[in-house]
Every structure is written in structure tokens, then in C-alpha cells.
Amino acid sequence: MTTATVETPNQTKPAKQKVILCEGNEAAALGVALARPDMVAVYPITPQSSLVEHVAKLIADGRMDADIVDAEGEHSVLSVLQGAALAGARTYTATCGPGLAFMFEPYFRTSGMRLPIVMSIVTRDGITPQSVWGGHQDAMTVREVGWVQVYCETVQEVLDTTIMAFKIAEHHDVMLPVNVCLDGNYLSYGTSRVELPDQAEVDAFMGVKDVNWHVALDPLRPMAVDPLTGGSGGKGPSTFVRYRKGQCRGMQNSLRVIEEVHEEWAQRFGRRFAPLVEEYRLDGADYAIMTLGSMTGAAKDAIDEAREAGKRVGLIKIKTFSPFPVEALLKAMNKIQALGVVDRSVGFRWNCGPMYQEMMGALYRLGRHVPSMSFIGGLAGADITVGHFHRVIEATEKLVTNPAPAEPVWLNERD
Amino acid sequence: MEHTKYLVVGSSHAALEAVTAIRMHDAEGSLTLLTRDPYLPYSPTVLPYVVSGRSAATGIFLRDEKFFVDNRVQLKRGTELKALHAERNSAELADGSEIAYEKLLLATGAAPAIPPIPGIDQVSYHVLRTLDDAKKLHAAIKQSKQAVVLGAGLVGMHAAENLVKAGANVTIVEMAKQLTDGYFDQVAAQMIEKAFTDNGARILTGSRVVKLAPSAIGSALTLENGTTLEADLLLVATGIKPNMDYLDQAGSAVEHDQGILVSDTMQTSVANVWAAGDCAQAKGFFTEAKVMNAILPDATEQGRIAGMAMAGDPGLKHYPGGVPLNTYHFFGRHAISVGSSKLADGAEVLTRFDDASGRYLKAIFKDGRLLGIFGVNEFFDGGVMCQLILRRVDLSAVKERFVANPLAVGRELMSQLWR
Amino acid sequence: MGRSYNTIAFDAAKCDGCGDCMTACATAKTGSEDQTRSRIQIVGSADDGFELALCRQCGDPKCVTVCPAAALTKSTESGVIEWDAAKCVDCLLCTIGCAYASIALDAGTGHVAKCDTCDGAPACVPACPHDALTYITTARIYNEVGDWEDLFAPGLAGCQGCNTELLMRHTLRRVGPDTVLATPPGCVPGMGSVGFNGTTGTKIPVFHPLLTNTAAMLAGIKRQYKRVGREVNALAIAGDGGASDVGFQSLSGAAERNEQILFMVVDNEGYMNTGMQRSSCTPYGAWTSTTPIGKGSDGMPAQGKTQDAKNLPLIMVNHRCEYVATASTAYMEDLYDKLDKAIEASKVGFAYLHVYSPCTTGWRFPTDQNIEVARKAVETNFVMLWEYTPGAGLQFTRPVDDPLPVTEYLKAMGRFRHLSPDQISHIQGKVVENLAFVKQMVHQARA
Ligand SMILES: Cc1cc2nc3c(=O)[nH]c(=O)nc-3n(C[C@H](O)[C@H](O)[C@H](O)COP(=O)(O)OP(=O)(O)OC[C@H]3O[C@@H](n4cnc5c(N)ncnc54)[C@H](O)[C@@H]3O)c2cc1C
Ligand code: SF4
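Chains as they are written, first to last, in the working numbering: chain X, 808 to 1222; chain W, 91 to 509; chain G, 5 to 451.
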């Protein structure tokens, strides 16, 4: 694992911060504690388990004032939170892989009810083949369900993003659930130095909690939540349509809100993360590689080395995957002639990585052909090393002149 | 001018029952009840017991003030209807003021009919219809040594018994050939008569008073046959006449004969005006002709029908016609009469009499249907009998059993027919 | 709002004319055994059947209106028509007013006499050896409930004759407005509890959980209100399918965590709202649209469900919930009692109420027979009414010691019409076995 450089160009007034050493799961738990949720519901699953254990311990130690529900499964975990959110609670949970799959029924519904629940996905590959190791397949599988999904690159970013996620989710222009994705194994268990923000500062950042102003199950303002809509005509379907359209609008609004919240974070805490898309050494680059999550650290090292070797290569990292940040991506794409996209999961239908496929959709809007290819690596816990990225860079470089291969490149196939 | 949706005149059985019926259907419409009587509602029927002292004059009221408040009824006591201006839906009161109504019920009952005996205006006498009458009579009875009761109807007989029990020498003078004529048959009447004479009363049936004059102790009566009687207490109980003078005062168009003529829903001949109880003349059950059936149960029945009709209650059922119903207690015995005592053509009469127990029963049938049943010292359920008559139940198959035990057989029939 | 009162009910079919009630009444009221002096009179004959002449304590009593002495009054408190000896003048007019022979002359005293229900403990009722007389004390329910707000809109869209609307209205009135109601997919939201296209049938906060997560969502709601110090009831009115099948996990989880929820299951023994499919609560032999009747193959005809029903309430007992009970809309008094207890229990932990609820449409019986079918289920011991608390264990609340044969229940509806004698004896056998099983638990509780 590689640590990324934390760029802090605008370090205006660095807040008083404690420095600790911790793993990603603990960093997530600490972020949760700082965000002060009312209710946390948990069910263990590898590699998420230590995260909820940390949360439980923080509560047990009185370092966090929240109700914790040890539910009998992920389905109920999210359901408990839905109920709590409808009663006005700030809520949090974490899961991954099969747990996320089991949760799918309430998961789909959470965004429809516009409940600002924050859930970490400590990403894990999909079974079968049986595996308990990292990979983005779980989060990718649910990318079309109306949750905001952001991917973290470092342990520090996990902590900071977890806090920011609540603010994004609860923004009145958004009101959507947010997944903070941290790579199983690599971020979950990877230990690094972390700056811990001050609670009072975080409180000031978070502002007043107001999570069920739009929908509530509260005898003081009785309403029927989620009556039947739809049908073949009249008011029914149009009600449904307006709901859906509103959800999509919330998704689109979140792009702006994510940027604003990251900006405010940088102002207050002095750490600036690219909110949607990070451009790394794109200036003067002819081509680039595209990454997601923790692999980006190794990728940046490879880019640095390649640059030193005179290659005109840069990097585009996606942080916000859902909604897909088309405009920000196109801004970066404008600068290059060819692109290699590294996915940590597969898209079964297109025989490529899912991010590759998303990128292709965005590319159409560019109005210019950019030769590209899909790389699939890091499945089931496999490491994508600097060496792997050099292969990616080489293959991508060829695209500037040669035709793109029809098949994806499977990075760890022969490791 | 005062305005009310419902105006009910009278505060006795017919009126109170109408109020209940109106409020069942219309909980809100303004309702005014007026009575010329100064008291809370009471029943004339209880007055003999006030006279005897058995009932306390303060314990006989049928409703209290709270009832009227709870039911949003404006009760005006001591307020007399003087003249009815039905053409403009207005009731003129004794003080000259008027109340405009939307619907009016006349439930003014009856008052004692005073026979035009020469000299009657020269003597002082008692009547019994109001609580004040009863209080006066109650006081007088204690002083009386020698009393005369004119009229052997139930009112007169009750008073006579009270006087006897108070220790007076009592003479009952009755024009008809028997006592309690129209209520009980000859056999029963003889039983009643015997009870009275056994207790020391003198009974002069078939006798007419032709003259009245003041005397040293009170008044002197001269009978048709020349007999003279003296009385320190004279009670006139020769009958009743409906209270309906207010109709003639303003020449109202409300048709009336012996009483105010009403339809099967107690409506008078004039729009928005109903009448019920002793002042009304409605159809009889045994005859299509309109009759006076001045008894308490009929007053409640008519009052209820009138109230429902006034309130527009869809549950309204038409008046089936008056059935005579009477109960009478005398010297520890009781007599019950239900139905018609008139012997229609082809009627069959079954009787039974047991000298030892003093039990007498008579039942009249026609075509197997019960027309009337009368008993002395023989208890049966009058309400059940009345239903058998109203429903025209064919009793052919059980007639003998029925006469042998009307209580048991009546209940058996009830359990099969309208339980 | 009219009042309702306790009353003595008579089941003519059970009366054999023995007259014990009359003796008891005469003894209690006159000190003599002279049945003619009894205020309850059994009339009729063995041939024509026996009937009752007994004061019905009419709402609009004729005896009262004809009494000139104000000696009779209808008590607004008890509903009893009271006779005041001090005011009565023995005129007997009341006996003419009453068409039911319910007030009559007592020759022994010379006064009229009528039933006064012995101040709420009628002597006649326990005297009847055949249970033909019962003293119905549901009045409390109706009076109290009548004063509470009906929290459902008028006109819910249930099937004709369905008792679930009754159940919903009663339950909500009882729990009151400080409640959040979960009605998972099924007949209850089908009736419009949550509503359609922007209009709702409920005056309190209500929602559709998923079929699968009712208990979990309610747990979250309840916990949050507890956290902020507000007392809010969390109530589910769920179907048997959602509770016993796909929603069982969350139900079991919430029960195990002792979440402070009142979970009511309306058991109509199948997925009735979606077209009458089999659930694990569907009884053996029953026709449903997924256990249909057909000639089958290899001479093995399809004859309805081939497995016995899951006994969900007993499973809930094994969660050691704060309160578990079974109930039936044929026994509202019992149901109310249990509702009261369940509400109290839900303030400290998980309360589970399982209401057997016949389905006119899915079980195939005439729409006016719902309560009767519910009653027959109990009278045959096909279902049993009991309650459980951790302290007192399991106890019958309406034991049926002399059950009718189960055929009395089965024949009341179409879904069992096809049953073979073997199937019927299987069901009867299960009734006996289930009874023995529950009895054993009762026994254990006593020990
Ligand atoms: C002594 C006695 C014994 C009786 N015994 C029996 C019996 O045993 N059985 C039986 O069935 N019946 C009996 N009756 C008859 C029975 O009482 C009447 O049939 C019954 O009371 C009729 O009721 P009602 O409402 O029509 O009129 P009433 O009772 O006569 O009441 C009339 C009401 O109208 C009021 N009123 C009259 N005129 C006016 C006016 N102009 N303006 C305002 N208010 C007015 C009066 O104050 C009174 O409130 C007896 C009557 C008497 C007098
Ligand atoms: S007998 Fe007594 S209770 Fe009956 S009507 Fe007469 S006074 Fe009233």
C-alpha cells in the first residue's frame, strides 16, 4: 500500500488537530463518532467487522452518544435506520459484499424515501467464487439505486469523507443516502497516520441536524409515508414520475453540494480532497490512466516514475462515482488523447470494467474520439502494484497510435 | 318575536314523549315547551296517590330541570297558550306575546268537565286534574266526615276510596247503571261495588243530581228521585273535556269535534300543527271513526308518533288506532282491562269466575282473534295482550288454554311471535 | 353517542327448560323457590323450543314512559331500568306498557318486579347448567371506545364482511393518536390504511414497511423517540404471511432484542390480498390459489395444502416476549383485555398479539358469517385463545372443555369442501395434538 500526498495549497487556518495512527476501519468509526449520529445499527461481515466493533467500543466507552442496535441481519440493519431516520435520527451503518446484497430490498427504498443515511461499504468482491477479500464488485452492483457513492483513496480521506458524507446527505437540496466506499483489506486494515479533527470544530461544520423535515413518522405531524402510487393513468403515475424526477434532481444537486462541502472542509480543516474528479499531472500529458479508490496511490507512484522516464502520462481519479461526474470528467478528458481505465470489478454485460463503461458514456459528450481501453485488476484482494500500473501505462501509450484491443486486460490473471 | 323550530304545548305524557322523539332525530333544532302549570311535569294519573298521601307531592315529577337543559329544551312554566294563529305559524300566549314556530304540537290534555247542574255555581266543590287540585283535596279529605263523589269513573272511584280510608262517610253518585262503566263489565263492576260497600261506602248508581245548593256543612244535593244528600266535601268527577279553547279564540281552522281531529301521524287539518294525547281525537283500533281514548298509554304513543312526524324521522310508523287499556287498584285488589268491551257481531265471550279467590276473567274473541280481555285479581301481561290484539293473532287453536292461563299462554305466544 | 350496557344473553339452542335459572332468581330475589316469582321466565316447551321473558333493559323503555309516578328510570350508568319501591303506586300501567312480559306483578308482594341484573352479578347466569345464559360485559369496550376518536377514515376498502376493519378501528382507538402505525403489504394497506395517490385512510402517522422489515423499522422509530424522551407507541398490524414467512427474521430479531413494539398479526391464513396464496399459516387441507384442487397424476389428486400450519404465536412464546396472546374477533372482550395488556407490555418490551381473522373472500363463506366462523374456530379448538407472560407462563383465557367436532368449523367454509375423510381425521387429530401441546405448556406454567 502506498500513501498519497495530501495536497494542502490553501491551508488557511489549520484547525487544532490530534494526530493518531489507525487503520481505515477505525478511522471510519472515529469519523462516525465525530458526526454524532443518534443511531447506529450493525451486523458484522468481513472486512467490515472491525469497523462496527470500533463503533461499538466507542459507544461502550462513552466516547460516542448513540443508540446501537445489534440487528439480526443487514436487512434489518438498514430497516432499523430507516425507521429511526423517519423519526428524526441521524443514522449510520456499514456493510459489504453479501451483506449489501441481503440488504438490497431496503437499500433500494432508502433513496426513494430520501433518507440521508450514511453507510460505509468496506468493499468486497462478489461471490461466487467464494472470497472474503476486497474488490469493488459489491458497490458497483448497486450503483444504479440512487445512493450517492464516493470512494476514498487514503485512511485520512476515509475519516474526513465519513464526516462530510453526513453533511452531503442531509443537505436540503440532496436528501439522499450516501455510501462512503473504502477498499476492503487495503483501506480497512491499512494503518496510517491520521489527523483527528476537533469535535467542536466538527460540530460547527455539521450545523443543526434536521433530517426528517421532508418525511416523518411523527404523531406531532401525522402523515402517511409512501402511499401506493402508480397505475395506468391519471394522478397515480404522474405522482410516481415526479418522485423519481426529484430523486434524479437530488442526485444532480449532490454534485454541487459535494464540491461545496469539500471546499468548506478544506477551509476549516486544511485538507483538500478532489471532490468529484482528481486530475494528477495532466498538464502536458498526451494520455492518462483512470483509477478509483486506494489503487490510486500506487498508480500515482507509477505516473511519477513514468514522467521521470519522459512519458507524457497523467492520471484521472474518480472520487464521486454516483452520480457520475460527467462535466468534471470531460474537463479532464479534454486534455488528453488516449485513456486507460483500471477497474477493480467487472461489468458482465459489456465485457469491461464498470467505470470504463461509465466513462464511455461520458465520452460521447466530448464530441471527439479518445481511444481507450479497459483494465480489470485487484479482484478478490489482489494487489495492483506499481508494476501493474507500468503495464497499464505502456498499453495506454500504444493507443495514441495503435487501434484499441476489443478485450479488457486482466491485470492479475497470471500473478 | 320569539322563534322556535319546535313548539310543544303541554308538559305531560304526550308532550314529554314527543320531546324525546324529536330529540332522537334532531338533536339541535330549537325546542320550546310551554305549560300553564307552574310545576315541573307530572302525571295526572298519580294524583290520587298524592291525595291519599302515598305519594309525596315533591316526588312525582317525571323530569327535572337538568333534563331540559341536557336536551336543550326551553321549558316555560306557568305559560298558557291563549290563541293559535296557525295561518301565520304563531302561538299567542296569555300575556299577549307570541311565539313563532315551525312545527307545533298541541298536547294540552283535558280538564274536568263540569256538568250543568242547576246551582253548581253556588257551591264549592273539588275537581282532580292538577297538582294544585290534588293538594287541596288532600287537605280537605282529612277534615271530611261526609263526602259525596259525583261520577264513578276511575278518578271518582280512586278519590272515594281515599275518602273511605280517611274515615269519611262516602256516597258515590253515578248516572249510569253500573260503576266504572266503559272500563269494566257488570261482573267486575259488581266486584268493585262490593269492595266499596264492604268498606262502608254508599253507592247510588242510576242516579242524577238535579240541584245543588249551599248548606251549613257545605252543599246540599237533590237527586232526580227526590233524595237529598249533604256533603262537607263534594268532588265532581263526571268526565273530562279536552283543553282546546285556544282554537276558537282566533277562529283557527284546526278542525275539532269532541277533540282535535288528527290523522294517523297525529297531524291536524292545518299545516305544521300536530295534536296528541287527551286533547286529540284519533282513529280507534276497532273502528275507523275518530274516538277519544283519553288514557295515559295512548297519550305516550300519540306523543311519540307526533314527535317523530314533526322531526321528519324516517322510522315513523302510522298510528294503529287507540286500544282501550286500563288498570285499576281498589282495596288491595286489581283489575286490568285490555281492548274493547263492546260485543261486536259474531263475537265469542269466554269467562271464568272463581268465587273463593275472587278471580274473574273474561275474554272476547272474534274469528279466533282477541278483541278484549278483562280480569279482576287475575294478573296477565297487559302489554302482551295488547300486542295479540294489535297483531290480530289467531288464537283459535289455543283459546281454551289461553282463557285458563292467559299469563303463561300469552308469554308463550310472545316468545314465538315477537321475541 | 349512545351508551352500551352489560346484558344477559340467552342461547335458546342450549336451554332444555330445566328452570334452574328461575329457581335461582326467585331464591335471590324473594327468598322462596317459587318459580312464578322469578323475574326471569323460561317459556315455551321442549317441542317448540324454550324462550325467555326477561327484561331487555330497553333503550327506549315503554314501561318508563307510561309510569305516572316516576318510579321507573333507566340508569344511564348501568343501563338497568330501576324500580323505586318508594315511588311506585302499584298501578300496573307498566305491565301494559311492556310488550315483553318483562315487568309483572309479584303476587307475593303485590308490587311489580323486574330484573335488575342483581347489580351486575345476575344469580340466574351461573345457575344455568347448560351455559344457555351468559352475562355479556362488553359494554365497557363500546362505551369507552365510543368516546375515543376513530383514527381511521370512514369507508375503508375492505372486502364485504371482512372483520379486519373492525379490528383496525378498535385497535387504533385503543392505542390512541400517539402512535406510529406500520401496515406492511397485505389486506390492511389494501384497505387504504396508508392510502392511494396522496390520500390516506389514517389519521395517525402510518407507513408501508416492506413485507420483510416491519419489526425492524418500528424498532428504529421507537428507539429514536425513546432516545429523545417521547412516549410514542410503535404498532404493527401485519398479515400472517409477512410475519410467519418472509418477515419472520425481522420479527424474531426484534422479539429477541425485546424492542418495545406492539406487533399484531391478523392471521387470515394466507396471502389473501394478493389472491389467496398459501402461507405457512395456511392450515392443512385448505384450498388456496397455490394449493389448488385437481386430479393430479398417478392417481394422487391435489387436495389442498399438504402440510400443517406453522404455529407462529407459540414460536413467539419461545422468544420469551413480554407478552404473547392469541385472540379472535368473535371474542372482543377477550381481545380487548389482551390489547390492554399488550399495550402495557409494549412499554417495556416486545408484545405480540395474534388475531385469528377469517377471510370471507379467501375462505369462501357468506359475508355475514365472519364472526360465526371465527367463533366456530374457537369452539372446536381449531384455534385456542391463550396468553403468555414470562411471569405467569401460558394460560388459557377461554378454555373450551367441551369442543365441537372440527367438522363444525370445516363445513362452514368452501376452502375445506373437498376434504376427504382421511384429511378430516388428520385435522381432527392435529386439533387434539395441538391442544395437548398447549395444555402441557399451561401445565408447566402451573407447576
Ligand atoms: C286522577 C286521574 C287518574 C287517572 N288515572 C289513569 C289511569 O289509571 N290510567 C290511565 O291510562 N289514565 C289515567 N288518567 C288519564 C291520564 O292521566 C291522561 O290520559 C294523560 O295524562 C293524558 O296526557 P296528556 O299529555 O294528553 O295530557 P295531560 O296529562 O292532561 O296534560 C296536559 C298538559 O297541557 C297543559 N296545558 C293544558 N292547556 C294548556 C294551555 N292552554 N296552555 C299551556 N299548557 C296547557 C297542562 O298544564 C298539562 O301540562 C287519569 C287522569 C286523572 C286526572
Ligand atoms: S306499577 Fe309502579 S312502576 Fe309500574 S307504572 Fe305503576 S307506579 Fe310505575
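Quick reminder that beta carbons are idealized off the backbone N, C-alpha and C, glycines included.
8 Å Cβ cutoff, residue i in contact with chain G
i, result
"residue 831/X", "no"
"residue 415/W", "yes"
"residue 910/X", "no"
"residue 129/W", "no"
"residue 408/W", "no"
"residue 192/W", "no"
Chain-ordered neighbours of residue i on chain G, where CB pairs are closer than 8 Å
i, result
"residue 292/W", "Near residue 292/W there are no residues of chain G at all, since even the closest Cβ is about 26 Å away, more than 8 Å."
"residue 887/X", "220, 221, 223, 224, 227"
CB contact check: residue i to chain W, cutoff 8 Å
i, result
"residue 111/G", "yes"
"residue 29/G", "no"
"residue 45/G", "yes"
"residue 5/G", "With a pLDDT of only 45 at residue 5/G, under 50, the local geometry of the prediction cannot be trusted, and the value read off the model is given with reservation. No, its Cβ sits nowhere closer than 8 Å to a Cβ of chain W."
Residue interval of the beta strand (DSSP E) (run including residue i)
i, result
"residue 305/G", "304-307"
"residue 928/X", "925-930"
"residue 45/G", "45-49"
"residue 1057/X", "Element bounds for residue 1057/X: not the beta strand (DSSP E) but the alpha helix (DSSP H), 1042-1076."
"residue 319/W", "318-321"
"residue 217/G", "Element bounds for residue 217/G: n/a, residue is neither H nor E."
Residue i: contacting residues in chain G (beta-carbon distance under 7 Å)
i, result
"residue 262/W", "Those within 7 Å of residue 262/W in chain G number zero; the least Cβ separation is about 20 Å."
"residue 477/W", "103"
"residue 390/W", "69, 70"
"residue 506/W", "52"
Bounding residues of the alpha helix (DSSP H) (the contiguous stretch that carries residue i)
i, result
"residue 438/G", "425-450"
"residue 191/G", "191-194"
"residue 470/W", "Taken as a continuous stretch (DSSP letters only), residue 470/W belongs to no alpha helix (DSSP H), as it is neither H nor E."
7 Å Cβ cut-off: residues of chain X touching residue i
i, result
"residue 345/G", "Near residue 345/G there are no residues of chain X at all, since even the closest Cβ is about 22 Å away, more than 7 Å."
CB contact below 8 Å: residue i versus chain X
i, result
"residue 23/G", "no"
"residue 269/G", "no"
"residue 211/G", "yes"
"residue 231/G", "yes"
Chain W contact residues for residue i, given Cβ-Cβ distances below 7 Å
i, result
"residue 72/G", "133, 135, 136, 386"
"residue 99/G", "471, 472, 473"
Residue i: contacting residues in chain W (beta-carbon distance under 9 Å)
i, result
"residue 89/G", "Within 9 Å Cβ-Cβ: nothing; residue 89/G doesn't reach chain W, min ~12 Å."
"residue 55/G", "501, 502, 504, 505, 506, 509"
"residue 465/G", "The first residue shown for chain G is 5 and the last is 451, placing residue 465/G beyond what the model contains."
heavy atom of ligand 4 below 7 Å from residue i C-beta
i, result
"residue 84/G", "As presented, the structure is devoid of ligand 4, carrying ligand 1 and ligand 2 as its sole ligands."
8 Å Cβ cut-off: residues of chain B touching residue i
i, result
"residue 107/W", "Although the question refers to chain B, the structure presented lacks it and instead comprises the protein chains X, W and G."
What residue ranges within the segment 1116-1159 of chain X form continuous beta strand (DSSP E) runs of no fewer than 3 residues, ordered along the chain? 1120-1125, 1127-1129, 1145-1150
Should the segment 408-427 of chain W be regarded as contacting the segment 266-273 of chain W, the criterion being three or more beta carbon pairs within less than 8 Å? In short, these stretches touch, since the Cβ pair count reaches three.
Can you confirm whether the segment 378-393 of chain W touches the segment 480-493 of chain W when touching is taken to mean that 3 or more C-beta pairs between the two stretches lie within less than 8 Å? no
Say whether the segment 1147-1167 of chain X touches the segment 1108-1117 of chain X, bearing in mind that this needs 3 or more beta-carbon pairs closer than 8 Å, one atom from each stretch. no
Fully enclosed by the segment 365-397 of chain G, which beta strand (DSSP E) runs are 3 residues long or longer? 390-393
Meets three-Cβ-pair contact criterion under 8 Å: the segment 1009-1020 of chain X and the segment 972-983 of chain X: In short, these stretches touch, since the Cβ pair count reaches three.
Could you tell me which uninterrupted beta strand (DSSP E) segments, each at least 3 residues in length, are contained entirely in the segment 976-1000 of chain X, listed from first to last along the chain? Correct list: 985-990.
Three-pair Cβ contact test at 8 Å for the segment 203-213 of chain G versus the segment 1019-1038 of chain X: yes
Between the segment 1138-1152 of chain X and the segment 1182-1198 of chain X, do three or more beta carbon pairs fall short of 8 Å? yes
Are the segment 158-175 of chain G and the segment 355-363 of chain G touching, with three or more C-beta to C-beta distances below 8 Å? Counting Cβ pairs under 8 Å, three or more are found: they touch.
What are the uninterrupted segments assigned as alpha helix (DSSP H) that are 4 or more residues long and contained completely in the segment 33-110 of chain G, given in chain order? 66-70, 97-101
Would you say the segment 1209-1222 of chain X touches the segment 144-162 of chain W, given that touching needs at least three Cβ pairs under 8 Å? no
What are the start and end residues of each continuous alpha helix (DSSP H) run of 4 or more residues lying completely inside the segment 201-283 of chain G, in chain order? 218-231, 244-248, 252-260
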